[in-house]
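Engineer: Below you will find the structure I want to go over with you.
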């Protein structure tokens with residue numbers, strides 16, 4: 001992995017039988033995703049949606065983390081921007097606005113829409129923690145499996161000075177219940193695997209322990225086994241199922257909730273954009289970065 | 001039980017104190033229900049609803065299964081129909097249409113409505129597995145008790161090429177949460193007693209083990225004890241409760257959800273009818289029957 | 001505690017850092033609340049809501065019970081009224097009507113509204129059981145912590161001949177699921193701490209056991225420790241969180257549910273008022289009082 | 001017209017360019033529709049829905065009336081049934097039940113669903129009055145044109161002792177406003193063309209007067225001209241429109257209302273069935289028939 | 001009329017055939033209603049609702065105005081209160097709070113609920129203008145007739161510094177459309193009879209002109225004729241209608257809107273109460289009173 | 001007007017008393033708006049929203065048209081893009097995608113959100129026709145006035161191969177009723193002033209005729225008078241109104257509809273983006289441009 005750092009190598013797309021597989025493939029970066037990665041993920045979701053041969057869209061990852069969330073490179077960009085234009089505050093403001101307006105709004109609203117309005121069964125395989133917008137996509141998946149108790153979901157929006165993303169203001173309410181949603185979203189607390197299993201958010205935990213968690217190779221391998229195991233089980237499950245029935249029943253289920261998902265999506269992207277305009281989240285990201293963010297978030 | 005195979009013997013109706021009791025009474029058939037049985041069940045629900053002396057409608061069963069779902073005799077009918085009219089495909093199509101149009105639509109929509117709009121507390125006693133439309137009625141009950149861990153619910157609609165029945169596209173979402181609902185409805189996976197208890201779908205499991213599960217007599221007896229136990233507990237509970245309060249509070253609770261239940265009902269019956277028109281579910285039923293369906297479903 | 005029995009002593013209000021603290025302070029009465037207490041509680045909720053310095057409204061209590069619900073003095077009043085006016089039934093009816101019309105309706109609808117439309121994180125600390133309208137307020141809190149397994153919630157409306165209060169016809173559905181809600185509201189069954197934890201209603205139980213439960217002093221002390229512990233943890237949590245984000249995200253979450261909360265509120269207060277007009281709940285309260293109500297409810 | 005009285009002659013189906021045309025073709029019967037006619041109409045709606053070549057489903061009629069509603073032959077049947085079985089009341093009840101259960105429920109719910117969930121633009125051409133279920137289908141059409149002021153809609157459900165049909169409990173509310181809906185549905189008052197135009201229910205009235213209204217030939221001809229005129233105008237309109245855009249926008253519009261339509265459908269068919277079970281509407285129909293119903297309704 | 005100024009003389013209640021008639025009977029006061037009048041009106045609505053002999057609740061009035069809204073005596077009370085307690089601002093605040101809390105909240109929420117949840121056809125006869133809470137009750141009636149073009153509705157909440165009352169934040173939206181609702185509620189503009197007719201809010205205007213509008217006797221008489229005319233027409237209409245059908249269809253229609261009505265009710269009463277607490281509306285009323293309010297509102 | 005073609009000159013912003021005024025100021029271009037103009041309009045909406053001194057946001061225009069919709073320059077850009085990159089289809093596709101993704105999605109969703117969630121009274125003054133996204137903003141205004149019968153609204157989305165924009169899939173349904181909405185949106189028919197007035201979409205038409213419609217100077221002047229007249233009337237209206245009441249009542253009204261507005265917004269922008277990706281609307285625009293689009297649309 002890695003030399004060829006093109007998008008199609010950072011996120012893999014395969015078809016096996018009735019299953020489209022989307023794989024986050026940057027284990028060394030803990031599968032942090034840049035803006036382009038998220039947009040590419042959305043495009044792959046659409047590609048899978050249109051493929052007449054498959055019934056399931058399986059999203060899995062690699063290594064230790066499912067995805068540590070948004071990549072921080074963009075903050076650097078912003079920082080450099082500030083330094084470059086020191087004397088022209090208006091220009092900084094203008095460029096900041098353009099950056100978030102033209103990038104943040106379409107990316108988040110499109111990615112979220114691709115999950116909300118997906119016609120196939122979305123299965124997410126949580127090999128490890130998921131954070132931020134990536135964790136929001138997990139919460140928009142239909143069926144969720146986890147590898148072991150190292151898994152958690154983290155939505156640190158109040159820590160960064162943002163609002164919820166990826167329709168989590170509705171999806172978590174629907175799936176975690178009100179008390180846990182409030183703790184997760186208002187207090188930015190992680191939700192650990194045990195709770196995810198007990199409240200039915202995670203359908204099944206495979207309890208595949210990595211005995212030497214620091215051994216990257218061991219972890220990578222066990223994640224691969226975890227992915228393989230699920231793929232095999234799903235292939236078996238889906239063999240005797242009727243694809244049209246699946247599509248129609250998913251529509252029936254979603255007709256109860258789609259209005260709320262869509263409404264959350266449009267409110268969140270615009271409110272999020274306005275937060276970025278204030279400059280607060282940018283500063284917060286930089287502060288956190290300076291304090292070894294990996295452990296704090 | 002059994003010689004007299006009239007409807008009123010296949011499903012019993014009694015009143016004890018403030019409780020109307022409806023009992024599925026064909027343990028030898030695993031309480032599989034034919035079309036007439038389902039309609040008769042609906043009529044008994046209405047009878048109970050109108051009885052001014054009772055406050056609870058208790059639905060229990062007999063033997064090993066709560067109900068193995070729809071009886072397969074109707075498939076035979078269809079099969080014979082095909083053989084009879086070999087040379088007249090239009091006539092087969094016409095008769096098939098009439099069969100499902102005039103039987104399936106009213107039965108399913110009426111039965112579902114009788115549960116959705118019932119004014120009393122519906123208590124379901126799960127002595128064992130429930131499948132298909134019968135399991136859908138369990139999911140429309142207000143309070144649910146189970147006998148032991150042999151219990152499961154199974155909604156095999158995607159396996160048969162149908163869509164959801166009995167408003168399960170909403171009722172399961174409401175009661176199992178989204179992840180479990182997707183597994184149950186999209187992948188046709190059974191939901192086992194342990195999960196039903198942990199997610200609060202089952203209010204209480206009585207853990208009445210049948211040590212020799214193959215001994216039909218033992219199983220029948222323990223189911224009777226299970227039914228008796230619940231009846232006694234409920235009789236005690238309800239003794240000091242105000243019937244008008246119960247009726248009014250149930251209306252208040254249901255006002256939050258009835259729109260969704262009713263909408264699901266009408267969509268499901270028409271979409272289900274269209275599936276039957278294609279002939280796919282019929283063929284699937286026959287296939288499964290040939291492969292010893294009891295174990296596969 | 002105690003000598004000075006003014007409202008501001010019966011319910012305390014403090015601000016510590018970013019947290020407003022409302023404390024029920026009548027441990028000897030098991031924190032039973034009279035009509036004025038409930039209205040005062042609502043006023044304190046508003047006071048906290050308007051305080052620009054805080055982000056969390058923490059509600060805790062004292063002693064053994066969080067709150068044993070509505071105080072019974074008002075029943076006495078009613079009883080005496082009946083005795084005083086023995087010969088003038090119309091006057092009794094008129095005064096009864098006025099009493100419930102002018103006191104019950106505004107108190108319940110205002111208190112409920114103050115919780116539903118509160119802008120900060122409401123955290124409830126369940127040191128022990130909560131009953132009736134007090135328990136309804138717990139169910140309208142955002143995050144809930146419990147002290148130990150002695151905790152339960154009890155909504156005995158069908159026992160008294162009332163209807164649900166405090167929008168519980170929606171709030172419990174949202175938080176306990178349908179099966180548990182039906183048992184709690186239709187059968188007036190207590191919901192014990194273990195179930196509250198397992199269904200996610202309680203975010204965390206602190207398992208602070210009182211080894212000698214009859215020792216009032218020990219219990220009082222351990223409740224104080226429980227309150228202190230939570231206050232400290234929350235103070236830590238909230239230190240690094242962005243207040244505007246919290247406010248905005250709470251609005252986003254609530255936009256999914258507020259319509260139902262508000263609708264329940266107006267229906268419940270009017271239906272409740274009509275129940276009181278019949279005289280049934282009054283008689284029921286007196287009956288229960290005569291039978292040592294503390295143990296029966 | 002006429003000699004050949006097969007279904008396909010009673011209701012015509014043609015395709016002209018991008019328009020499917022369904023024509024009620026029994027002017028001598030004022031286009032009263034029997035049970036089979038309604039079901040056949042539903043099938044033609046589905047046929048049109050699946051036709052990849054068309055974008056509009058145009059429903060027009062012939063002669064003086066769009067449709068005088070349900071044919072009364074079925075009442076005769078019921079009457080004769082009563083006479084035949086004079087001595088066996090239970091059998092009468094049983095047969096009555098079966099008749100309405102197996103015919104009324106599926107016909108009404110299927111027909112209504114075919115209109116609610118139709119993917120193309122439904123255009124209804126009101127050449128004259130429409131009554132009952134036929135008038136309900138008009139209210140489920142997307143665009144409505146009228147010939148002249150002789151047109152009216154009549155929903156005489158409270159006159160016959162029924163409940164609303166064809167989701168009119170929602171569709172009229174949506175299209176006529178609350179005051180007019182109440183007069184139309186609760187008081188069984190006709191809504192005349194002028195009001196239909198002024199409230200926007202009818203998109204356009206063509207004011208094609210029949211100067212000698214008793215001359216059946218003249219009326220028939222002017223209705224044909226009316227139909228032709230609309231067909232030509234629509235053909236022109238639709239020539240430059242994008243079919244995919246139409247389909248997608250119709251979905252977007254309907255997503256706001258479909259939940260209510262579907263819910264009304266399921267409630268109405270079951271409640272209607274229960275009304276028929278009482279025997280009241282049957283007697284009322286016979287009474288009205290004896291009093292020259294044409295003028296009274 | 002007049003000498004006997006008891007409640008039962010200020011608002012009359014009669015039953016004629018299938019119609020309960022509630023008549024506002026203080027023409028000399030332009031049927032301004034005090035707090036007790038509104039509560040009494042609500043009680044009469046309930047009385048009518050429970051009367052098994054009637055199907056319609058007809059609300060009419062007397063003289064020139066349907067109702068000029070809330071009586072201003074209560075402002076005087078408040079004014080005097082201020083003068084009496086000049087030196088004790090806290091006491092003024094406390095009494096003001098109690099006054100609006102215990103009177104305003106229950107009256108408005110109960111009256112509104114009695115209209116929203118009424119089971120019969122509510123017919124309002126607008127003999128002339130209706131203002132404020134009285135006009136809100138007109139907007140909650142099912143069918144509305146007007147006498148002539150002198151009629152208007154006025155909701156001057158933004159003029160007085162209040163919020164909407166009687167669920168008008170939803171009822172007007174439903175019945176007047178968004179543009180007219182905004183002008184009526186946000187700009188406090190009257191809606192005149194012509195617009196009420198053209199938008200279908202008023203079902204029919206009887207155009208009974210009073211040629212000498214200053215002649216109180218003539219106006220009183222023509223209002224009586226107007227009331228009589230409607231009563232006769234309704235008696236005729238309702239003669240052949242099925243009461244159960246009416247009740248059931250009204251429920252079906254209302255199931256689409258009741259959630260919004262109820263939610264508006266609870267929000268409006270609490271927000272209105274908070275406005276009164278500020279003292280702003282009181283001052284505004286006194287200002288307006290000093291400027292000959294009759295012409296300005 | 002004119003020489004200085006900066007954004008702030010193309011759309012003017014003024015404050016007069018309690019009214020913020022936004023003026024489209026390119027009469028020579030019929031106030032066609034480019035992408036930057038729409039974004040700037042949104043920013044001005046926000047500026048007005050935050051201004052503590054005003055209560056009304058008045059949007060007016062200049063000359064003959066309110067706004068002829070989106071400027072066609074962007075099509076030229078696209079056309080040139082195609083010509084420039086003739087040999088690199090992938091690059092064309094990529095640039096096309098980026099163009100619509102980064103510009104179309106944020107602009108439309110932000111602009112729509114700024115109208116939906118605006119806290120003040122939005123008044124639109126229709127001096128003449130409005131088309132497309134501009135017409136969508138009119139439909140999101142609270143109160144609408146028109147100059148004369150030359151006014152119309154046109155939503156030509158099915159003509160161009162797009163989907164609805166600016167939440168018109170809900171806003172028109174709410175304001176025009178279903179029949180007119182279907183004609184306007186599905187058949188791309190203009191809605192003329194007379195219909196806009198009769199259905200209450202336009203609150204008032206000022207009937208200010210331009211006798212010599214070709215005389216640009218006369219038209220410009222009469223539009224200025226129209227704007228002035230409304231400004232004066234509004235200034236008078238608003239003088240005695242309570243700003244807090246207005247804000248609070250607007251929130252109450254909008255709470256009934258905001259969910260639908262927001263949901264429409266997110267669905268429309270993503271579906272619209274996908275339409276642009278196909279290249280169909282671009283080709284259609286060019287075709288129409290070649291055929292003298294001004295008259296055809």
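Protein chains in written order, with UniProt numbering: chain A, 1 to 297; chain B, 1 to 297; chain C, 1 to 297; chain D, 1 to 297; chain E, 1 to 297; chain F, 1 to 297.
Built from N, CA and C at the ideal position, the CB exists for glycine as well.
1) From what residue to what residue does the alpha helix (DSSP H) around residue 199 of chain F run?
2) State the CB to CB distance for the pair residue 169 of chain D and residue 253 of chain E, rounded to an integer number of angstroms; the pair is presumed to be in contact (CB under 8 angstroms).
3) According to DSSP, simplified to helix, strand and coil, what is residue 155 of chain C?
4) My parser needs the beta strand (DSSP E) runs of 3 or more residues fully inside the region 109 to 166 of chain D; what are they?
5) Under a CB-based cut-off of 9 angstroms, is residue 255 of chain B close to chain E?
6) Listing by chain order, which chain E residues have their CB less than 7 angstroms from the CB of residue 301 of chain C?
7) So, with DSSP's three-state summary, where would you put residue 293 of chain D?
8) Kindly indicate if chain D contains any beta-carbon less than 9 angstroms away from that of residue 258 of chain E.
9) Which residues in chain E have a C-beta closer than 7 angstroms to the C-beta of residue 157 of chain D? List them in chain order.
10) How far does the alpha helix (DSSP H) with residue 249 of chain A in it reach, from first residue to last?
11) State the CB to CB distance for the pair residue 275 of chain E and residue 162 of chain E, rounded to an integer number of angstroms; the pair is presumed to be in contact (CB under 8 angstroms).
12) CB-CB under 7 angstroms to residue 177 of chain C, same chain, minus the five flanking residues each way: which ones, in chain order?
13) Taking the Cβ atom as the reference point for each residue, do residue 165 of chain D and residue 280 of chain D lie within a distance shorter than 9 angstroms?
14) Applying the 10 Å Cβ sphere with the 16-neighbour rule, what's the burial state of residue 18 of chain E?
15) Check for me: the alpha helix (DSSP H) holding residue 299 of chain A runs from which residue to which?
16) I'd like to know whether the C-beta of residue 115 of chain E is nearer than 9 angstroms to at least one C-beta of chain C.
17) Just to confirm my understanding: we take residue 120 of chain F, look at its own chain, exclude 5 residues before and 5 after, and list those with CB closer than 7 angstroms. What are they?
18) Please compile the residues from chain D whose C-beta is within a distance smaller than 7 angstroms of the C-beta of residue 106 of chain B.
19) Grab the span of the alpha helix (DSSP H) containing residue 39 of chain B for me, first residue to last.
20) Please report the residue range of the alpha helix (DSSP H) in which residue 182 of chain C lies.
21) Of the choices F/44, F/20, F/26, F/284, whose alpha-carbon is the least far from that of residue 235 of chain F?
22) Here's a check: name, in chain order, each residue in its chain whose Cβ is nearer than 6 angstroms to the Cβ of residue 283 of chain D, leaving out the five neighbours to either side.
Structural biologist: Reading from the atomic positions:
1) Per DSSP, residue 199 of chain F belongs to no alpha helix (DSSP H) and is neither H nor E.
2) 5 angstroms
3) coil
4) 121 to 126, 143 to 146, 152 to 154
5) yes
6) In the structure displayed, chain C extends from 1 to 297; residue 301 of chain C sits before or after that span and is not available.
7) The predicted model places residue 293 of chain D with a pLDDT of 44, which falls under 50 and marks its position as unreliable, so this point remains unresolved.
8) no
9) 245, 249
10) 243 to 254
11) 5 angstroms
12) 199
13) no
14) buried
15) Outside the shown range of chain A (1 to 297) lies residue 299 of chain A, about which nothing can therefore be said.
16) no
17) 48, 49, 54, 55, 56, 57
18) 101, 102, 105, 106
19) 35 to 50
20) 178 to 186
21) F/20
22) none
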